[in-house]
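**Student:** Each step along the sequence shown adds one to the number in full-length UniProt numbering, with nothing skipped, and position 104 is 104.
One structure coming up, written as structure tokens, with questions to follow.
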Amino acid sequence: MEDGDESAAAAAAEAALGLSPQVFVDEVLDIIADVSAEAFEYCLQEAAAPGVLGAATADQKAAELQRGLNAIRHVVKDALDKRMSNWEKYCFQHCFNIPEGFVVPEDDNSCAKESHKVGTSDSDLDVELDSLRRKLESANKESENLQREMSSLERQTTYKRKLDSAIAEIQKLFEDKFVQENFEDLAKVIPLLQQKIIGMKKTRTETGSLIDQQVWNMNGLRDNKRPALGKGLTACTEDIQEIVSILQNK
Numbered sequence: 001m002e003d004g005d006e007s008a009a010a011a012a013a014e015a016a017l018g019l020s021p022q023v024f025v026d027e028v029l030d031i032i033a034d035v036s037a038e039a040f041e042y043c044l045q046e047a048a049a050p051g052v053l054g055a056a057t058a059d060q061k062a063a064e065l066q067r068g069l070n071a072i073r074h075v076v077k078d079a080l081d082k083r084m085s086n087w088e089k090y091c092f093q094h095c096f097n098i099p100e101g102f103v104v105p106e107d108d109n110s111c112a113k114e115s116h117k118v119g120t121s122d123s124d125l126d127v128e129l130d131s132l133r134r135k136l137e138s139a140n141k142e143s144e145n146l147q148r149e150m151s152s153l154e155r156q157t158t159y160k161r162k163l164d165s166a167i168a169e170i171q172k173l174f175e176d177k178f179v180q181e182n183f184e185d186l187a188k189v190i191p192l193l194q195q196k197i198i199g200m201k202k203t204r205t206e207t208g209s210l211i212d213q214q215v216w217n218m219n220g221l222r223d224n225k226r227p228a229l230g231k232g233l234t235a236c237t238e239d240i241q242e243i244v245s246i247l248q249n250k
């Protein structure tokens, strides 16, 4: 009575879970039997192919081959049956054995729950992908800003290098002894040049006053004006020649 109750409970549990151990075992045994039969059939066809057996004794040898293959087939079948019988017992006792105290849930929504989990997982993946896309865009923008800053720094470095080179050339020019001597000579000549310029201005002023006086002298205007202007210009030319001579001697 108890065995019957246990069998009924096991059958109910298997049905609730969608299991059918006996059907599974029978299908496996049928597949093995079909494969074995096809293998022996293939051997027989290959052995009976034209040219394999002599034409004179083909029928006799074909019959002998058939008997030999049948004998081998029975031996193989007996060995397979024993092994598959043990495999069947193992499956029922261990693989498909219902644990004691197992209770089938009244409303099994495992498939729906699993589907919900999968949907939730996909949603989480979408959110994570969106976050990664935003981070990637931010990283690209930051990279562009850094690239612009690097380009600006490179331009500034190039400009500074050229400026330093120009300053170095100017410093080298001022450090040259010949240039220093020329500047020293020029510094000495500048006071003399200033004195000559003052003298030239004074001479021009005096010449202008003389011209004004001669304008009022209507009788000797033409005769007196030319010597006065010539004298003034002669004095200016001499002053300029003197300055040039000073510069050349220095």
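All C-beta atoms in this analysis are idealised placements derived from N, C-alpha and C, irrespective of residue type, glycine included.
Please report the distance separating the alpha-carbon of Met84 from that of Glu46.
**Tutor:** Distance between the alpha carbons of Met84 and Glu46: 29 angstroms.
**Student:** Measure the C-alpha to C-alpha separation of Ala228 and Ile198 and round it to an integer number of angstroms.
**Tutor:** Interpretation of Ala228 is limited by its pLDDT of 45, a score under 50 that renders its predicted location unreliable; no figure is taken from the coordinates.
**Student:** Do you know whose CA, among Asn97, Ala139, Lys188, Val189, lies nearest Leu19's CA?
**Tutor:** Cα-wise, what sits closest to Leu19 is Asn97.
**Student:** What is the DSSP secondary structure of Gly18, counted as helix, strand or coil?
**Tutor:** Three-state result, Gly18: coil.
**Student:** Below 8 angstroms, can you find three or more Cβ-Cβ pairs linking the stretch 86 to 97 to the stretch 57 to 68?
**Tutor:** The stretch 86 to 97 is not in contact with the stretch 57 to 68.
**Student:** With DSSP run on the structure shown, which of helix, strand or coil describes Ile72?
**Tutor:** Here Ile72 sits in helix by DSSP.
**Student:** With the cut-off set at 7 angstroms, would you say Glu88 and Val25 are in Cβ contact?
**Tutor:** Contact flag set, yes.
**Student:** Kindly indicate which three-state DSSP category Asn86 falls into: helix, strand or coil?
**Tutor:** Three-state DSSP puts Asn86 in a helix.
**Student:** Hey, how far is the Cα of Thr203 from the Cα of Ile190?
**Tutor:** Straight-line Cα distance between these residues: approximately 20 angstroms.
**Student:** When the Cα atoms are used, what is the spatial distance from Ser123 to Glu137?
**Tutor:** The alpha-carbon atoms of Ser123 and Glu137 are separated by roughly 21 angstroms.
**Student:** What residue from Gln60, Asn86, Lys61 has the CA that sits closest to Leu29's CA?
**Tutor:** Taking only the C-alpha atoms, the option nearest Leu29 is Asn86.
**Student:** Helix, strand or coil, according to DSSP, for Arg226 in the structure here?
**Tutor:** Note that Arg226 scores a pLDDT of 47, beneath 50, so its modelled location is shaky; the value from the coordinates is reported in the next line. Three-state DSSP puts Arg226 in a helix.
**Student:** From this set, Ile31, Ala62, Glu27, Ile32, which residue's C-alpha is nearest Cys43's C-alpha?
**Tutor:** Nearest option by C-alpha distance: Ala62.
**Student:** Mapping DSSP to helix, strand and coil, what is Asn145?
**Tutor:** Helix at Asn145.
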